[in-house]
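Following: one structure in structure tokens, then a few remarks.
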Amino acid sequence: MSIRLGDIAPDFEQDSSAGTIRFHEWLGDSWGVLFSHPADFTPVCTTELGFTAKLKDEFTQRGVKAIALSVDPVDSHHKWIEDINETQNTIVNFPILADADRKVSDLYDLIHPNANDTLTVRSLFVIDPNKKVRLTITYPASTGRNFHEILRVIDSLQLTDNYKVATPANWKDGEEVVIVPSLQDPEEIKKRFPKGYRAVKPYLRLTPQPNR
């Protein structure tokens, strides 16, 4: 089963380094980042989990919970976490799902036989408080994920959920945003965007970012 944008993220119950996780219950009213790893004790994933731990304050500021997944068992996860803490100079502060029976991997289509028929691919899902999937990215095993990009997308999603705007290429929090084309009423535009806007083209109108 493939996961598409707008789908409800499949719920599950699975063991983890932090005990049994009932996913939707664990998420509560938070945003979530679920990301999978081919296996424990792999070099790229070790750096990724360490960097994610260091982003705890950034995730908390945005109301986001992180949760990782590997097909290895819990005892392996705990030994790997010791390595991550040591080598990445941090403390892993989020659960790692122990998906030894591939239950979650099957739900989220994380086994890609043409890449490897036993290991999970390195996919990432951003899930909103309504449990809807808002972003999916799958990386090759050789390329570490860009977590600054993940934060950037979450900033964009949280902003555009609350205002009738979209974010342009390479946008970062605080930069100009695009007024959505469907918004045409001049009075509504003036009310929504009191700082004004500049029309590069009738369909491309840029305005200062509203306060988040």
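Per my numbering, the very first residue in the sequence shown carries number -15; after that it's consecutive.
Glycine included, every Cβ here is placed at the ideal spot set by N, Cα and C.
If you're wondering where the values come from, they're calculated on a predicted model, not measured in any experiment.
Cβ-based neighbour list, residue i, same chain, cut-off 6 angstroms, excluding 5 preceding and 5 following
{"i": "residue 176", "result": "none"}
{"i": "residue 133", "result": "none"}
Cβ-based neighbour list, residue i, same chain, cut-off 7 angstroms, excluding 5 preceding and 5 following
{"i": "residue 160", "result": "190, 191, 192 and 193"}
{"i": "residue -8", "result": "115 and 116"}
{"i": "residue 178", "result": "none"}
{"i": "residue 2", "result": "79"}
8 angstroms Cβ shell around residue i - same chain, five flanking residues per side excluded
{"i": "residue -14", "result": "93"}
{"i": "residue 39", "result": "50, 131 and 135"}
{"i": "residue 196", "result": "139, 142, 143, 146 and 157"}
{"i": "residue 58", "result": "-1, 0, 1 and 82"}
Residue i in three-state terms, based on DSSP
{"i": "residue 99", "result": "Any reading at residue 99 must be qualified, since the residue scores a pLDDT of 48, below 50, and its modelled position is unreliable; no value is offered."}
{"i": "residue -14", "result": "coil"}
{"i": "residue 87", "result": "helix"}
{"i": "residue 7", "result": "helix"}
{"i": "residue 184", "result": "strand"}
{"i": "residue 82", "result": "strand"}
{"i": "residue -4", "result": "coil"}
{"i": "residue 94", "result": "coil"}
{"i": "residue 14", "result": "coil"}
{"i": "residue 74", "result": "coil"}
{"i": "residue 196", "result": "coil"}
{"i": "residue 189", "result": "strand"}
{"i": "residue 1", "result": "strand"}
Residue environment, residue i, which counts as buried when at least 16 other CB atoms sit within 10 Å
{"i": "residue 140", "result": "buried"}
{"i": "residue 16", "result": "buried"}
{"i": "residue 68", "result": "buried"}
{"i": "residue 153", "result": "exposed"}
{"i": "residue 138", "result": "buried"}
{"i": "residue 88", "result": "buried"}
{"i": "residue 145", "result": "exposed"}
{"i": "residue 83", "result": "buried"}
{"i": "residue 5", "result": "buried"}
{"i": "residue -3", "result": "exposed"}
{"i": "residue 151", "result": "buried"}
{"i": "residue 118", "result": "buried"}
{"i": "residue 34", "result": "buried"}
Sub-8 angstroms separation of residue i and residue j beta-carbons
{"i": "residue 80", "j": "residue 0", "result": "yes"}
{"i": "residue 78", "j": "residue 44", "result": "no"}
{"i": "residue 64", "j": "residue 112", "result": "no"}
{"i": "residue 86", "j": "residue 55", "result": "yes"}
{"i": "residue 164", "j": "residue 188", "result": "no"}
{"i": "residue 142", "j": "residue 46", "result": "yes"}
{"i": "residue 30", "j": "residue 72", "result": "yes"}
{"i": "residue 32", "j": "residue 129", "result": "yes"}
{"i": "residue 167", "j": "residue 148", "result": "yes"}
{"i": "residue 91", "j": "residue 22", "result": "no"}
{"i": "residue 53", "j": "residue 109", "result": "no"}
Proximity test, Cβ basis, 8 angstroms: residue i and chain D
{"i": "residue 93", "result": "The structure shown contains no chain D; it holds only a single protein chain."}
TODO: Within the region 111 to 176, note down every full alpha helix (DSSP H) run reaching 4 residues or more, in order along the chain.
DONE: 131 to 146 and 170 to 176
Task: Unbroken stretches of the alpha helix (DSSP H), 4 residues or longer, contained in the region 18 to 71 - done: 27 to 38 and 40 to 45
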